Amino acid sequence: MNSLKTWLAIIFGVAFLRIGLLHFTQPEPFDAIIPPYLPFPRFWTLASGILEILLGLGLMLPKMRQRAALCMALLLVLMYPANLNMWVHDIPFGQTRFETRGHIVRLLIQIILILGCLWISRRLKGARAQATDAET
Numbered sequence: 000m001n002s003l004k005t006w007l008a009i010i011f012g013v014a015f016l017r018i019g020l021l022h023f024t025q026p027e028p029f030d031a032i033i034p035p036y037l038p039f040p041r042f043w044t045l046a047s048g049i050l051e052i053l054l055g056l057g058l059m060l061p062k063m064r065q066r067a068a069l070c071m072a073l074l075l076v077l078m079y080p081a082n083l084n085m086w087v088h089d090i091p092f093g094q095t096r097f098e099t100r101g102h103i104v105r106l107l108i109q110i111i112l113i114l115g116c117l118w119i120s121r122r123l124k125g126a127r128a129q130a131t132d133a134e135t
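For the sequence shown, my numbering gives the first residue as 0, with consecutive numbering after it.
Here it is in structure tokens:
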């Protein structure tokens, strides 16, 4: 794996580890954005926190990196309804209430994170990698 992917995986891993820990130390903002059709918001907050911690650690471990990155991309897709719920119902995240522009930025960041995880997992290849594969 090239050094850019390695560094990106480590940066993502540290970030997701930190965010996962916040699900336990400050769960209330996460509870508040769980869509109402999911019962027991604290369960979903803690479950997603555990997954973020485990997958964050996996992103930092070379032998686990590709699989963890693919699972993290899936988790990010599965967790987006909470962000959408926050946007649609104008739910503050802690003391922060986002305007539409803020929610759009959050959506773009989510897409970048998903694409980054797919790239780390080798499910999304750059143009150079695709050209190399086509030649072989």
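Glycine is no exception: its CB is placed at the ideal position from the N, C-alpha and C atoms. What you are looking at is a predicted structure, and each value in this text was computed from that prediction instead of being measured.
- For P61, the closest alpha carbon among the candidates L123, A46, G12 is that of G12.
- Under the three-pair Cβ rule at 8 Å, the segment 79 to 90 does not count as touching the segment 20 to 27.
- Residue environment analysis places T95 among the exposed positions, since fewer than 16 neighbouring C-beta atoms fall within 10 angstroms of its C-beta.
- Under the DSSP definition of a beta bridge, F92 partners with T95.
- Only buried fits R64, as 16 or more other CB atoms lie within 10 angstroms of its CB.
- Around the Cβ of W118, a 10 Å sphere holds 16 or more other Cβ atoms; the residue is buried.
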